[in-house]
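In the order they appear, the protein sequences are chains P and W.
Residue numbers for the first sequence follow numbering that gives the first Met the number 0, beginning at 0 and rising by one.
Residue numbers for the second sequence follow numbering that gives the first Met the number 0, beginning at 0 and rising by one.
The C-beta atom is built at its ideal place from N, Cα and C for all residues, glycine as well.
Keep in mind the model is a prediction, meaning the values are calculated, not measured.
Before any comments, here is the structure.
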Amino acid sequence: MKLSARIAAPVAALVLAGLTATACAPQTSDTSAQGDEKTGTLRVWLFQEVGNKPKEKVVDAAVDAFEKSHEGAEVEIEYIPVDTRAQRIKAAFNDPKSAPDLIEYGNTDTAGYVKDGGLADVTEEFGAWDEARDTDPIAKQSVTVDGKVYGAPFFVGVRALYYRTDVFEDLGIDAPKSQAELISTAKKIHRAKPDLYGLAVGGAYTYGAMPFIWAHGGELAGESGGTYTSGINSEKSRKGIEAYTSLFGDDNCPPAKCASMGGNATVTAFASGKAAMAIGGDFSHAAVEAGAVKGKYAVVPLPGVAEGSIAPAFAGGNNIGVLKSTAHRTLAVDLMKSLTGKKTQAEMFDAMGFLPTYTDVLDNAAKKQPFVAPFVQTLSAGAKFVPTSPAWGQIDASLVLPTMFQEIVSGRKDVARASDDAAEKMNAAFAAAG
Amino acid sequence: MTTHTTPYKPPAAGAPPKGGAPAVRRPRRGRSVSPARRSGWTPWLYLLPALVLLAGLLVYPIYQLGLISFLEYTQAQVSGGEPTTFKGFGNYTALFNDSQFWQVLLATVVFAASCVLATLFVGCALAVLLTRIRALPRLALMMAALGAWATPAITGSTVWVFLFDPDFGPVNKVLGLGDFSWTYGRYSAFALVLLEVLWCSFPFVMVTVYAGIRAIPTEVLEAASLDGASQWRIWRAITAPMLRPILVVVTIQSIIWDFKVFTQIYVMTNGGGIAGQNLVLNVYAYQKAFASSQYSLGSAIGVVMLVILLAVTLVYLRLVRRQGEEL
Numbered sequence: 000m001k002l003s004a005r006i007a008a009p010v011a012a013l014v015l016a017g018l019t020a021t022a023c024a025p026q027t028s029d030t031s032a033q034g035d036e037k038t039g040t041l042r043v044w045l046f047q048e049v050g051n052k053p054k055e056k057v058v059d060a061a062v063d064a065f066e067k068s069h070e071g072a073e074v075e076i077e078y079i080p081v082d083t084r085a086q087r088i089k090a091a092f093n094d095p096k097s098a099p100d101l102i103e104y105g106n107t108d109t110a111g112y113v114k115d116g117g118l119a120d121v122t123e124e125f126g127a128w129d130e131a132r133d134t135d136p137i138a139k140q141s142v143t144v145d146g147k148v149y150g151a152p153f154f155v156g157v158r159a160l161y162y163r164t165d166v167f168e169d170l171g172i173d174a175p176k177s178q179a180e181l182i183s184t185a186k187k188i189h190r191a192k193p194d195l196y197g198l199a200v201g202g203a204y205t206y207g208a209m210p211f212i213w214a215h216g217g218e219l220a221g222e223s224g225g226t227y228t229s230g231i232n233s234e235k236s237r238k239g240i241e242a243y244t245s246l247f248g249d250d251n252c253p254p255a256k257c258a259s260m261g262g263n264a265t266v267t268a269f270a271s272g273k274a275a276m277a278i279g280g281d282f283s284h285a286a287v288e289a290g291a292v293k294g295k296y297a298v299v300p301l302p303g304v305a306e307g308s309i310a311p312a313f314a315g316g317n318n319i320g321v322l323k324s325t326a327h328r329t330l331a332v333d334l335m336k337s338l339t340g341k342k343t344q345a346e347m348f349d350a351m352g353f354l355p356t357y358t359d360v361l362d363n364a365a366k367k368q369p370f371v372a373p374f375v376q377t378l379s380a381g382a383k384f385v386p387t388s389p390a391w392g393q394i395d396a397s398l399v400l401p402t403m404f405q406e407i408v409s410g411r412k413d414v415a416r417a418s419d420d421a422a423e424k425m426n427a428a429f430a431a432a433g
Numbered sequence: 000m001t002t003h004t005t006p007y008k009p010p011a012a013g014a015p016p017k018g019g020a021p022a023v024r025r026p027r028r029g030r031s032v033s034p035a036r037r038s039g040w041t042p043w044l045y046l047l048p049a050l051v052l053l054a055g056l057l058v059y060p061i062y063q064l065g066l067i068s069f070l071e072y073t074q075a076q077v078s079g080g081e082p083t084t085f086k087g088f089g090n091y092t093a094l095f096n097d098s099q100f101w102q103v104l105l106a107t108v109v110f111a112a113s114c115v116l117a118t119l120f121v122g123c124a125l126a127v128l129l130t131r132i133r134a135l136p137r138l139a140l141m142m143a144a145l146g147a148w149a150t151p152a153i154t155g156s157t158v159w160v161f162l163f164d165p166d167f168g169p170v171n172k173v174l175g176l177g178d179f180s181w182t183y184g185r186y187s188a189f190a191l192v193l194l195e196v197l198w199c200s201f202p203f204v205m206v207t208v209y210a211g212i213r214a215i216p217t218e219v220l221e222a223a224s225l226d227g228a229s230q231w232r233i234w235r236a237i238t239a240p241m242l243r244p245i246l247v248v249v250t251i252q253s254i255i256w257d258f259k260v261f262t263q264i265y266v267m268t269n270g271g272g273i274a275g276q277n278l279v280l281n282v283y284a285y286q287k288a289f290a291s292s293q294y295s296l297g298s299a300i301g302v303v304m305l306v307i308l309l310a311v312t313l314v315y316l317r318l319v320r321r322q323g324e325e326l
């Protein structure tokens, strides 16, 4: 015993010394800018899309032009997989030395990344940029936090109603013009063709459910004086939640299957011919075209409450931003402008079908490609955006809204209680985010 | 693991009837190395590399885990957007005031306990079966078990989900369940995951217990039966006590594994099931720590898990010890 104690003491001291020498506190990175060099290599991370070649071509053309007009500047583009983007970008914030100068990022992440201290404030440059004047206001909102701009919109994505023309013809019905008609049509189809979901909905499909809430005048959250309060349990929001959750049931989409579905699962169900209608984005077009329903479907804007109105859609999409830690700020901002400029976006639309964020470029695109017409219509009818609070990322990641929908459709809680609980969780997140 | 195999080695080593030789040598060595000091130092010297490794790989991470759990440490602090601040027990109070945490904890304990019992029962039963069957069926059973053991958890879970798929799964077709969705109900989802956990963890129990049974010297068993002991008495007085160290290891391993189940729940119930009904502590910690970047809260959950597992293991070890003295 004595001996082991005699040994244990120095060993413990050694271990303690080692610990104090290596690290007392967990690591914190310094993401502040390292100067502003006018030459050198700029590193860019863009998302790797399904079928990425056309995107690469457009980007390469923009990069070539940039390198020609900027003597001594070189650009290195890396395409990162969408699935692991969150980890990659977090890692970039944690290790500024190996971080890129520019990143593409999903627009719902803007506020979170700003709070993390990862993105550079480019308000001045964005304001002085002539092309930015035509930026769609909702797209501009998606790069703005507390009145400051943290990047440039790259493209927008909105969702609309895909429906099967052959099924509708068969049953002698027209595309629904109001939300009530949408719900009754869905149930009618399921009654006539029980092996089809009338409208494929998902308990985890937050962005497909939001238009229902917004169409009834509900809001996810309201802002006053910089702090957000959840609006998910307001009277209006609850009406929207009721409308959406009424689509889960044996008369349309049985909760045993549909409660767990997310957006992709509903689009897959439609593309494989298991659903007569689905809420899909302009970006889902390729997936549907590749499915069994090719040539047998059409798209209309998702109807709102009043007959002939359009339900406000969620304005998704990606932005390109400059990292705070860049050592080439001026160059990086110039490259951001050329990657998100009108010319590149117009070419990107032709190559990938990504909707441009400039109103005039978008109009031109709609003239060229008729399939985007319903999406453009939806955008111009007024799309909406999630609260630009850093708490949103956390609310999204902790599945607050999917949990609420799933609690309702599985019969665990009624709309009032589920929405109160969701509001409580959202408010806690808003409060924690400050 | 290796330390636990030693208890049943002595009978084998002591079996050769050369007991006299070491007995003669031992005192001689004792005399030549006069101070007891040296023999006290040497074990520590031999242990040093392992201790250093353990300190680096085990103590240091646990120390960091504990430290982070007392701080406000989210992505904003990691990447330098905001300064790191000391929160005291703030993360723990937040955790203990979260009603979901208690639900998840209860679900985890019940789920892990059922998994451990099921695994031990199936593993031991099949180990006994292995000793009673011929070579060919034994080989087949061994291969099947090793196959299940070698399958990565992600692959196994994905295959199981497919097998039980309401639309395309063969299981529902064979059982005539129509389009019954296993993952929709809370208990059927847990049952499905339990089956998968059982499938991939019984081989460890089976192989270990089987090895243990084979290591029991047949002479002892023969002697007992010659003395007229019944099968039950042989099991109680010979087999079970000789297997005890193995059963202890296997039980503790199972408790630790099943308490920390992550992949199966995450893959099979899509990250915790409908409205989070199938969350277990590890998936819950992942959601808090990584998905929503609240590293400090996730660390607090980790510390709580560590304490629970240590407590369970210690209590279990004491129980086994006491039983051993009584026997």
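Q.
Contact between the region 323 to 337 of chain P and the region 190 to 201 of chain P is defined here as three or more beta-carbon pairs at a separation below 8 Å; is this criterion met?
A. no
Q.
Check whether the region 274 to 293 of chain W and the region 220 to 240 of chain W are in contact - that is, three or more C-beta pairs closer than 8 Å.
A. no
When DSSP labels each residue in this structure, what does P/Ala98 get in the three-state scheme? In the first sequence, the residue the question calls residue 98 of chain P occupies position 99. Of the three classes helix, strand and coil, the one that applies to P/Ala98 here is coil, per DSSP.
For chain P, check one thing: does any of its Cβ atoms lie closer than 8 Å to the Cβ of W/Ile300? Start at 1 with the first residue of the second sequence, and residue 300 of chain W comes out as number 301. False, the Cβ-Cβ gap to chain P never drops below 8 Å.
* Asked: What is the residue span of the beta strand (DSSP E) that P/Ile76 lies within?
  -> The residue labelled residue 76 of chain P in the question sits at position 77 within the first sequence. Element bounds for P/Ile76: Ala72 to Pro80.
**Request:** Compute the Euclidean distance between the alpha carbons of P/Ala422 and W/Gly272, then round it to the nearest angstrom.
**Result:** Reading the first sequence from its first residue, position 423 is the one you call residue 422 of chain P. Reading the second sequence from its first residue, position 273 is the one you call residue 272 of chain W. Going by the C-alpha atoms only, they are around 21 Å apart.
Assuming the contact rule is C-beta atoms closer than 8 Å, W/Gly79 and P/Asp250 should be a hit. Round their C-beta distance to whole Å, please.
On the second sequence, residue 79 of chain W is found 80 positions in, with the first residue counted as 1. On the first sequence, residue 250 of chain P is found 251 positions in, with the first residue counted as 1. Going by Cβ atoms, the distance from W/Gly79 to P/Asp250 rounds to 53 Å, so no, they are not a contact pair.
Q.
Let me make sure I understand the geometry here. Which of P/Ala72, P/Gly290, P/Ala127 and P/Ser223 has the alpha-carbon closest to that of P/Arg163?
A. Working through the first sequence from its first residue, we reach residue 163 of chain P at position 164. It is P/Gly290 whose Cα lies nearest to the Cα of P/Arg163.
*Less than 8 Å separating the beta-carbons of W/Val248 and W/Tyr265?*
The sequence position of residue 248 of chain W within the second sequence is 249, counting from 1. The sequence position of residue 265 of chain W within the second sequence is 266, counting from 1. Not in contact: W/Val248 and W/Tyr265 (Cβ atoms no closer than 8 Å).
Check for me: the alpha helix (DSSP H) holding W/Val108 runs from which residue to which? Translated into the one-based positions of the second sequence, residue 108 of chain W becomes position 109. Ser98 to Arg131 is the extent of the alpha helix (DSSP H) around W/Val108.
Hey, is P/Phe92's beta-carbon within less than 8 Å of any beta-carbon in chain W?
Taking the first residue of the first sequence as position 1, residue 92 of chain P is located at position 93. By this cut-off, P/Phe92 is an interface position.
(Q) Assess contact between the region 220 to 230 of chain P and the region 386 to 404 of chain P, defined as three or more Cβ pairs (one per stretch) separated by less than 8 Å. Is contact present? (A) yes
Quick one: Cα of P/Ser245 to Cα of P/Asp82, how far? Reading the first sequence from its first residue, position 246 is the one you call residue 245 of chain P. Reading the first sequence from its first residue, position 83 is the one you call residue 82 of chain P. Approximately 32 Å, taken between the alpha carbons.
What does W/Val338 touch in chain P if you count any residue whose Cβ is under 9 Å from its own?
The shown model of chain W, from 0 to 326, leaves out residue 338 of chain W, and the question about it has no answer.
Q) Which residues, taken in chain order from the region 169 to 180 of chain W, show a beta carbon closer than 7 Å to some beta carbon of chain P? A) Ser180
- Message: In the DSSP output, what is P/Tyr162 paired with across the bridge?
- Response: What you label residue 162 of chain P is simply residue 163 of the first sequence in a count that begins at 1. DSSP output for P/Tyr162 lists P/Met276 and P/Ala297 as bridge partner(s).
task: Using a cut-off of 7 Å between C-beta atoms, extract the partners of P/Ser245 located in chain W.
output: Counting from one through the first sequence, the residue named residue 245 of chain P turns up at place 246. Here the premise fails: no neighbours, minimum Cβ distance about 18 Å.
Item checked: Residue environment, W/Arg321, which counts as buried when at least 16 other CB atoms sit within 10 Å -> As a position in the second sequence, residue 321 of chain W is number 322, starting the count at 1. Exposed, since its Cβ has fewer than 16 Cβ neighbours within 10 Å.
**Q.** Contacts around W/Ala284, its chain only, beta-carbon distance under 8 Å, and the 5 residues preceding and following it disregarded
**A.** As a first step, residue 284 of chain W must be located in the second sequence, where it is residue number 285. Counting only Cβ-Cβ distances below 8 Å, and skipping sequence neighbours, we find Gly297, Ile300, Gly301 and Met304.
* Taking all protein chains shown into account, decide if P/Gly71 is buried (16 or more other Cβ within 10 angstroms of its Cβ) or exposed. => The residue given as residue 71 of chain P occupies position 72 in the first sequence. P/Gly71 comes out exposed.
Compute the distance between the beta-carbons of P/Ile240 and P/Val414, then report whether it is under 8 Å. Counting from 1 along the first sequence, the entry for residue 240 of chain P is found at position 241. Counting from 1 along the first sequence, the entry for residue 414 of chain P is found at position 415. Going by C-beta atoms, P/Ile240 is nearer than 8 Å to P/Val414.
Next item on the list: Pair every Cβ in the region 124 to 131 of chain W with every Cβ in the region 192 to 207 of chain W, then say whether three or more of these pairs are closer than 8 Å.
Entry: yes
Is there at least one Cβ from chain B nearer than 8 Å to W/Tyr183's Cβ?
Judged by its chain identifiers, the structure shown contains no chain B, and its protein chains are P and W.
Item checked: Cβ-based neighbour list, W/Gly270, same chain, cut-off 6 Å, excluding 5 preceding and 5 following -> Residue 270 of chain W sits at position 271 when you count from the first residue of the second sequence. Within the same chain, W/Gly270 has no close Cβ partners at all.
Looking at the structure shown, is P/Glu130 part of a helix, part of a strand, or coil, going by DSSP?
In the first sequence, the residue the question calls residue 130 of chain P occupies position 131. Here P/Glu130 sits in helix by DSSP.
query = Does the Cβ-Cβ distance between P/Gly315 and P/Met260 come in under 8 Å?
reply = Residue numbering aside, residue 315 of chain P sits at position 316 when the first sequence is read from its first letter. Residue numbering aside, residue 260 of chain P sits at position 261 when the first sequence is read from its first letter. No.
Exercise for review: At 3 residues or longer, and completely inside the region 203 to 266 of chain P: list those beta strand (DSSP E) runs for me, N to C.
Suggested key: 220 to 223 and 226 to 229
P/Ala64 and P/Ser337: beta carbons closer than 8 Å?
In the first sequence, the residue the question calls residue 64 of chain P occupies position 65. In the first sequence, the residue the question calls residue 337 of chain P occupies position 338. Yes, they are a contact pair.
### Query
For the putative contact between P/Gln344 and P/Thr356, defined by C-beta atoms under 8 Å, what is the C-beta separation to the nearest angstrom?
For the purposes of this step, residue 344 of chain P is taken as the residue at position 345 of the first sequence. For the purposes of this step, residue 356 of chain P is taken as the residue at position 357 of the first sequence. Correct: roughly 7 Å between the Cβ atoms.
For this session: Could you tell me how far apart the beta carbons of P/Met425 and P/Ser229 are, in whole angstroms, since I believe they sit closer than 8 Å?
Result: Within the first sequence, residue 425 of chain P is the residue found at index 426, counting from 1. Within the first sequence, residue 229 of chain P is the residue found at index 230, counting from 1. Indeed, because the Cβ distance is near 4 Å, the residues count as touching under 8 Å.
- Task: Might you give, ordered along the chain, the residues of its own chain that have their beta carbon closer than 7 Å to the beta carbon of W/Gly146, omitting 5 neighbours on each side?
- Result: Reading the second sequence from its first residue, position 147 is the one you call residue 146 of chain W. If we look at W/Gly146 and ignore the five residues flanking it on each side, it has no Cβ neighbours.
Identify which residue in W/Phe189, W/Ala117, W/Pro165 and W/Gly211 has its Cα closest to the Cα of W/Phe179.
Along the second sequence, one-based indexing puts residue 179 of chain W at 180. Taking only the C-alpha atoms, the option nearest W/Phe179 is W/Pro165.
Below 8 Å on the Cβ atoms is my guess for W/Ser253 versus W/Thr118; work out the distance and round it to an integer in Å. Residue numbering aside, residue 253 of chain W sits at position 254 when the second sequence is read from its first letter. Residue numbering aside, residue 118 of chain W sits at position 119 when the second sequence is read from its first letter. The pair is a contact, with the Cβ atoms about 5 Å apart (cut-off 8 Å).
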